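What follows is a short report on a single structure.
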Amino acid sequence: MNGFGDGAWTALLAACAAAVAAACAACALVRRRGRTAARRRFAGGDADGGSEGAAAAQKAKLDDRLVAFAETVSRKMALGIVPQRASASARASRWCDEHLKRAGAAGRVTCAGFCGARRRAAAAGACCGALAGAVFSAELAVALALAGWACGWSSLRWAVRQRERRRADELERHLSEMLEVVALGLRSGLSFDRSLELYSGHFDTLLSRACASAQRQWALGLVTREQALRELAATFDSPLFSRVVESMVRSLRFGSSLAESLETAAGDARQQFRSRKQEQVAKASVKMMVPTGALMLPAMLLLVLGPVLLELMEGF
Numbered sequence: 002m003n004g005f006g007d008g009a010w011t012a013l014l015a016a017c018a019a020a021v022a023a024a025c026a027a028c029a030l031v032r033r034r035g036r037t038a039a040r041r042r043f044a045g046g047d048a049d050g051g052s053e054g055a056a057a058a059q060k061a062k063l064d065d066r067l068v069a070f071a072e073t074v075s076r077k078m079a080l081g082i083v084p085q086r087a088s089a090s091a092r093a094s095r096w097c098d099e100h101l102k103r104a105g106a107a108g109r110v111t112c113a114g115f116c117g118a119r120r121r122a123a124a125a126g127a128c129c130g131a132l133a134g135a136v137f138s139a140e141l142a143v144a145l146a147l148a149g150w151a152c153g154w155s156s157l158r159w160a161v162r163q164r165e166r167r168r169a170d171e172l173e174r175h176l177s178e179m180l181e182v183v184a185l186g187l188r189s190g191l192s193f194d195r196s197l198e199l200y201s202g203h204f205d206t207l208l209s210r211a212c213a214s215a216q217r218q219w220a221l222g223l224v225t226r227e228q229a230l231r232e233l234a235a236t237f238d239s240p241l242f243s244r245v246v247e248s249m250v251r252s253l254r255f256g257s258s259l260a261e262s263l264e265t266a267a268g269d270a271r272q273q274f275r276s277r278k279q280e281q282v283a284k285a286s287v288k289m290m291v292p293t294g295a296l297m298l299p300a301m302l303l304l305v306l307g308p309v310l311l312e313l314m315e316g317f
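See below:
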């Protein structure tokens, strides 16, 4: 019984220390959030800088803070404040090129800065885990150091993927609105550029700011309109938006009717968004069964079997 009790207490203390270590690592990574946000606002942000500026007035989420930490490391490497180590592998470079763009961090977070931030996050997690485990035993310190290192190493990838999902969700929420406004402008006799400007000027969303940034690029002659539209589609993880952009490019190139295709795409976008929300609502009850069962089942077992076990113990 004593051995079992010691093992149970050790597991419980390990879990508590791991939670404390993760919290300490997160706090260590985001302690410069205010200065980073101020520098980003001063720099003017990126294509969705308005979204970042609007979110600055609210409480920043953990994934935003982690990406801001990677941005700070990238900036310091570019300025030579932090030495840049060996270049990242080809696999890491491909992952950064694909996912950082979809997360809206392309141009602000480099692949070298991302890898450097991962190393620092892993080191911070390992140190916090080791310090928390050293209070109890050397073995626990080693175990928590490894757990903290793994959490810190994977935290940056998790943050980037979280931003991808949030950007994709916000795009799908406003995509049908954008397509309807552009189609309405085309039906009224406006050009495509003027219709897109009509949407960008009267709506304040992540998609409207991204469209305005892309339109400024081809208006200034930095890229062609087709390149800007395709680059805009590449910054969101949405196959539907990519298909809509390709339809726009073909219609603008060959002069076919664009208003009808945009109205059809708006209906498809609205239906897809509604279907996804219904699917999320349907899955919510199933997901709630796991924590509900884990929390209620022990209490019910104690309530039902407790008196029986007490009677058996008294009998022996």
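Just so we're aligned, residue 2 is where the sequence shown starts under the working numbering, counting upward by one. Ideal placement from N, C-alpha and C gives every residue a C-beta, glycine not left out. Just so you know, these numbers come straight off a predicted model, no measurement behind them.
Sequence-distant residues of the same chain with beta carbon closer than 7 Å to residue i, five excluded per side
| i | result |
| --- | --- |
| residue 243 | 234 |
| residue 67 | 30, 156, 157, 160 |
| residue 230 | 215, 246, 249, 250 |
| residue 195 | 186 |
Spatial neighbours of residue i in its chain, beta-carbon cut-off 6 Å, leaving aside the 5 residues before and after
| i | result |
| --- | --- |
| residue 64 | 160, 163, 164 |
| residue 199 | 186 |
| residue 85 | 78, 113 |
| residue 208 | 172, 175, 179 |
| residue 1 | No information on residue 1 is available, as it lies outside the stretch 2 to 317 that the chain covers here. |
| residue 97 | 112, 115 |
Residue i - DSSP class collapsed to helix/strand/coil
| i | result |
| --- | --- |
| residue 293 | helix |
| residue 299 | helix |
| residue 1 | Absent from the structure is residue 1, since the part of the chain shown begins at 2 and ends at 317. |
| residue 138 | coil |
| residue 287 | helix |
| residue 310 | helix |
| residue 73 | helix |
| residue 223 | coil |
| residue 204 | coil |
| residue 115 | helix |
| residue 247 | helix |
| residue 1 | Coverage of the chain is limited to positions 2 through 317, which leaves residue 1 absent and any answer about it impossible. |
| residue 65 | helix |
| residue 109 | coil |
| residue 257 | coil |
| residue 155 | helix |
| residue 235 | helix |
| residue 186 | helix |
| residue 263 | helix |
Beta-carbon proximity of residue i to residue j, cut-off 8 Å
| i | j | result |
| --- | --- | --- |
| residue 177 | residue 237 | no |
| residue 153 | residue 133 | no |
| residue 168 | residue 103 | yes |
| residue 263 | residue 180 | yes |
| residue 110 | residue 72 | yes |
| residue 267 | residue 184 | yes |
| residue 213 | residue 201 | yes |
| residue 70 | residue 118 | yes |
| residue 253 | residue 204 | no |
CB contact check: residue i to chain B, cutoff 8 Å
| i | result |
| --- | --- |
| residue 228 | Among the chains of the structure shown, chain B does not appear; only one protein chain is present. |
Cβ shell of residue i (< 8 Å), same chain only, five flanking positions each side left out
| i | result |
| --- | --- |
| residue 297 | none |
| residue 39 | A caution first: residue 39 carries a pLDDT of 40, below 50, which makes its placement in the model too unreliable to give a value. |
| residue 224 | 218, 232 |
| residue 269 | 241 |
| residue 310 | none |
Inset, instruction - Assess, as a yes-or-no matter, whether the segment 280–296 is touched by the segment 249–261 under the definition of 3 or more beta carbon pairs within less than 8 Å. - result: no
Legend entry - Meets three-Cβ-pair contact criterion under 8 Å: the segment 73–92 and the segment 108–121: yes
Inset, instruction - Check whether the segment 136–153 touches the segment 119–128, counting contact only when three or more Cβ pairs, one atom from each stretch, lie closer than 8 Å. - result: yes
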